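Take 407 as the starting number for the sequence shown in our numbering and just add one per residue.
Using N, Cα and C, we set each Cβ at its ideal position, and we do this for glycine too.
None of the values given here were measured: they were computed from a predicted structure.
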Amino acid sequence: MIQVTKFVTRKYLDYSGSNWREFLLLVEFCLNSIPQRHLNGLTPFEIELNRVPRPPGWNINPKQLAQMTPPNQTLVRLYQERAADINLTVQQALRDEQDCYEQYFNQGRTPIAFEIGDLVDLNCEQLAINFNLVKPANLTPKWIGPFTISAKGPHPDTYRLDLSQTTPPPPEPILIEGELEYPVKAILNKTVTGRGRTRRRMFLTKYIGWPEPSWQPEANLKDTEAFEIWREPLPVQAISRTSPSLTGFRSTNLLEGEIEASVSLSTAPGADTIWELVLWQASN
């Protein structure tokens, strides 16, 4: 439709092509008045309005206006019946088109049928799952599983999976100074959301016992030890032009099995710049 609109409008443009807005509405009206072959000869206006409007520029003279009367119940009933017929016709035309496309795209496809109890992987393309809130989207896994098929869906290609193993029950809060709280293990990252008065800082927080970190506002973390550790400045040594040396790292409560990295830059007289990356296993 967009290509046809451009093709028709191009015939009426001036030298600079700046008058396209003058013809756009008229071109759209004409295109919506053209019968469509794949819709059994119906026009877009008939499908949307159940009638074809008169072309722009058609004027009603005073005599015709005086002869016009309100529609009676018979005309209203006929209008509703025609709208129902058009609806059925369009639905059948859409089903025919879907069957045609399905037959075309499934020519080289081998149907795969699964049974209840089979183990399958789940595609994460249309799922909002936070595997790791620090990783970019293009580095997260595309498939997760395997999961057990618990039931079959209404369509032959749809199945219900048992995802209970992916959502373990949350841990119970701990009583701290008379209040039930979830202890914070570490703060992993920080971001800023909103603008103006709605601007606030959010922290990627790892709670003890929870499988994945979550974003929390600053107000929920102000009185925690992890927040005080996060606010500690990085111990960076002053850089000299004659003998540059840069060492430093942020000291945080790391998770089990994580690696802490420290990058040191040193330069000796007459030697090239050397970047040394030191990795060691963090102790809990």
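Fewer than three pairs of CB atoms, one per stretch, sit closer than 8 Å, so the segment 502 to 510 makes no contact with the segment 525 to 535. Where Asp-568 is concerned, the enclosing beta strand (DSSP E) starts and stops at 565 to 568. The beta carbon of Phe-520 sits closer than 8 Å to those of Val-526, Ile-555 and Tyr-565, all from its chain and outside the five residues before and after it, given in chain order. Per the C-alpha coordinates, the member of Leu-581, Ile-492 and Pro-552 positioned closest to Glu-452 is Ile-492. Beta-carbon to beta-carbon, Leu-610 and Ile-593 are separated by about 7 Å, close enough to satisfy the 8 Å threshold. When DSSP states are grouped into helix, strand and coil, Val-458 belongs to the coil group. Assignment of beta-bridge partners to Asn-529 by DSSP yields Trp-549.
Going by C-alpha positions, Gly-600 is about 49 Å away from Pro-441. Relative to the Cα of Leu-445, the nearest Cα in the group Tyr-485, Lys-469, Gln-504 and Leu-567 belongs to Gln-504. Note on geometry: alpha-carbon atoms of Leu-500 and Arg-457 lie some 20 Å from one another. Arg-607 sits in a strand when the DSSP states are folded into three classes. With 16 or more other CB atoms across the displayed protein chains lying within 10 angstroms of its CB, Tyr-613 is buried.
Within 10 angstroms of the beta-carbon of Lys-591 lie 16 or more other beta-carbons, which makes it buried. At a cut-off of 3 residues, the continuous stretches assigned as beta strand (DSSP E) that sit fully inside the segment 616 to 640 are 620 to 623. Residue burial annotation: Pro-619 is buried, with at least 16 other C-beta atoms found within 10 angstroms of its C-beta. In this structure, the beta-carbon distance from Val-433 to Thr-449 does not fall below 8 Å.
The three-state secondary structure of Thr-411, taken from DSSP, is helix. Our two residues, Arg-607 and Leu-545, have alpha carbons roughly 25 Å apart in a direct line. Bridge pairing for Asn-595: Leu-610 [DSSP]. Collapsing the DSSP output to three states places Ile-555 in a strand. Remark: C-beta atoms of Asp-568 and Phe-553 approach each other more closely than 8 Å.
Distance from the CA of Ser-422 to the CA of Pro-560, rounded to the nearest whole angstrom, comes to 57 Å. When secondary structure is reduced to three states using DSSP, Leu-419 falls in the coil class, being assigned neither helix nor strand.
The residue among Leu-455, Gln-622, Trp-621 and Thr-630 with its C-alpha nearest the C-alpha of Glu-583 is Thr-630. Pairing Pro-459 with Asn-438, the inter-Cα distance amounts to about 10 Å. By the neighbour-count definition (other C-beta atoms within 10 Å, threshold 16), Leu-627 is a buried residue.
Assigned with DSSP and collapsed to three states, Ile-492 falls in helix. In this structure, Tyr-418 sits near Phe-429, with a CB-CB distance shorter than 8 Å. Excluding the 5 residues flanking it on each side, Thr-495 has same chain C-beta neighbours closer than 6 Å at Asn-446, in chain order. Relative to the Cα of Leu-528, the nearest Cα in the group Gln-497, Trp-549 and Glu-454 belongs to Trp-549.
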